[in-house]
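In UniProt numbering, the protein residues as written are 1 to 137.
The beta carbon of each residue, even a glycine, is placed where N, CA and C say it ideally should be.
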């Protein structure tokens, strides 16, 4: 083969190698860019998924707290209602005891007046006079 053809073949081969190398570098650069975009998309998707999961968990916790707070408010209302009922019952019982005591005092006073009246009428020294003396001490 002649030298100029050989030179031409070597030149073409070098040109082919250079273009092949450029093409390979271009493909690698595009591949890295594509990988970077995919990595960013994946990270974004994972962040969004994590954020969604955290939002759901937070919503669940908030709902749980609200439910718990409602239960406690209901329980507190029930306790306040029971306390009010007990207070009303206590006042009612206190009033009944007061009325009973007043009736007892009235009955005792009537009995006492009756005894004094009988004692004055009879003016005897008997059981009634001893009771009267005992109570006057």
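Under a three-way DSSP split, which group does residue 100 fall into?
helix
Quick one: Cα of residue 60 to Cα of residue 76, how far?
24 Å
Given residue 36, which residues of its chain have a CB within under 8 Å of its CB, disregarding the five upstream and five downstream residues?
none
Alpha carbon to alpha carbon, how far is residue 96 from residue 80? Give it in angstroms, no decimals.
24 Å
Express the C-alpha separation of residue 26 and residue 43 in angstroms, rounding to a whole number.
25 Å
Could you give the distance in angstroms between the alpha-carbon of residue 107 and the alpha-carbon of residue 92?
22 Å
Hey, how far is the Cα of residue 71 from the Cα of residue 85?
21 Å
Mapping the DSSP letters down to three states, classify residue 2 as helix, strand or coil.
coil
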